[in-house]
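The next block holds one structure in the form of structure tokens; read it before the comments.
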Amino acid sequence: MSAVVFDGEEIPLTIIHSAKRRTIGLTVKETGEVILRIPPHVTEEKAVSFAQSKAEWIVRHRAKFESRKRVERYYAEGETIPFFGRELTIRRIEGDKVRAEILEGELLLTGPAGTEADVFREAVIFLFRREGLKHLRPIVSEVAKAAGVEPPMLRIREQQRKWGCCTPKNGIILNVRVLLAPELVIRYLVVHEVAHLEHRHHQDSFWAEVERLMPEFREAEQVLKEQGWMWVF
Ligand SMILES: [Zn+2]
Numbered sequence: 010m011s012a013v014v015f016d017g018e019e020i021p022l023t024i025i026h027s028a029k030r031r032t033i034g035l036t037v038k039e040t041g042e043v044i045l046r047i048p049p050h051v052t053e054e055k056a057v058s059f060a061q062s063k064a065e066w067i068v069r070h071r072a073k074f075e076s077r078k079r080v081e082r083y084y085a086e087g088e089t090i091p092f093f094g095r096e097l098t099i100r101r102i103e104g105d106k107v108r109a110e111i112l113e114g115e116l117l118l119t120g121p122a123g124t125e126a127d128v129f130r131e132a133v134i135f136l137f138r139r140e141g142l143k144h145l146r147p148i149v150s151e152v153a154k155a156a157g158v159e160p161p162m163l164r165i166r167e168q169q170r171k172w173g174c175c176t177p178k179n180g181i182i183l184n185v186r187v188l189l190a191p192e193l194v195i196r197y198l199v200v201h202e203v204a205h206l207e208h209r210h211h212q213d214s215f216w217a218e219v220e221r222l223m224p225e226f227r228e229a230e231q232v233l234k235e236q237g238w239m240w241v242f
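Residue numbers (my numbering): 10 to 242.
Quick look at the structure:
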């Protein structure tokens with residue numbers, strides 16, 4: 010098995026031979042796994058020595074991911090949760106039925122004493138999906154108009170990995186976790202999916218349209234990359 014060595018530590022490499030690539034690719038996944046993608050004209054030996062030359066960079070990235078603690082939410086009194094760029098403070102109210110509502114900067118969670126966090130989590134996701142639609146629809150319409158496309162049908166879903174996608178029949182689906190992001194990122198994800206309605210790929214023409222619709226999109230991508238892991242329920 011191939012590995013790079015840094016300060017006496019051996020870091021294994023997952024090697025993928027890729028017929029489509031033209032250059033060597035090196036990525037560190039959030040799990041700490043290091044992936045080395047090798048194009049057809051490069052030998053494995055040469056690619057591994059390239060990875061070795063980047064050992065310090067690899068170690069730095071793995072350390073960054075390790076420092077990320079899982080965000081734990083208990084849905085307890087006084088806790089905060091973001092919604093559309095502002096922090097809502099949770100207020101717990103005792104009542105027979107489980108209910109979640111947003112009122113003047115607060116997230117009111119009603120339920121019997123001893124209600125588990127998971128029950129409130131589901132109620133909050135349900136509420137955010139509904140409220141999120143109201144906030145997102147005007148942005149989707151505005152971006153669609155600027156892009157010169159029919160306003161797509163918008164849906165919000167709970168998804169593990171993807172932030173968004175578009176459907177074959179003029180629809181876009183956004184991850185409910187998007188609603189925990191800053192507004193800049195929310196807007197970017199709308200722009201990204203709307204741009205896909207006409208450009209169903211990630212080629213230059215797609216990125217040119219994204220930039221036209223949102224010149225500061227790179228800043229949003231950076232925030233997404235660095236903070237996205239925190240936007241969980
Ligand atoms: Zn995309």
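All residues carry an ideal CB built from backbone N, CA and C; glycine is no exception.
Cβ of residue i within 8 Å of Cβ of residue j?
i       : j       : result
Val-185 : Ile-134 : yes
Glu-202 : Gly-173 : yes
Ser-27  : Val-57  : no
Ile-99  : Glu-88  : yes
Val-194 : Ala-229 : yes
Ile-111 : Phe-92  : yes
Ile-67  : Val-107 : no
Val-13  : Ala-64  : yes
Arg-77  : Trp-238 : yes
Pro-325 : Gly-94  : Shown here, the chain extends from 10 to 242; a query on residue 325 therefore has no answer.
Leu-118 : Arg-138 : no
Val-232 : Leu-145 : no
Just to confirm the assignment, what range does the alpha helix (DSSP H) spanning residue i have?
i       : result
Val-185 : Neither: Val-185 is in no alpha helix (DSSP H) and is coded neither H nor E.
Phe-137 : 126-156
Ile-33  : Segment: none, Ile-33 is in no alpha helix (DSSP H) and carries neither H nor E.
Arg-196 : 192-207
How would you write the range of the beta strand (DSSP E) that residue i sits in, first residue to last?
i      : result
Arg-95 : 95-103
Phe-3  : Residue coverage of the chain in this structure runs from 10 to 242, which leaves residue 3 outside it and unanswerable.
Sort out for me which residues DSSP pairs residue i with in a bridge.
i       : result
Pro-177 : According to DSSP, Pro-177 bridges with nothing at all.
Glu-110 : Leu-117
Arg-82  : DSSP, once it has assigned bridges, lists no residue as partnering Arg-82.
Arg-221 : Bridge partners of Arg-221: none, in fact.
Met-162 : Gly-180
Check your reading: residues with Cβ closer than 6 Å to ligand 1 heavy atoms
His-201, His-205 and His-211
Start-end ranges of the alpha helix (DSSP H) lying completely within the segment 40-76, minimum 4 residues:
53-62 and 64-75
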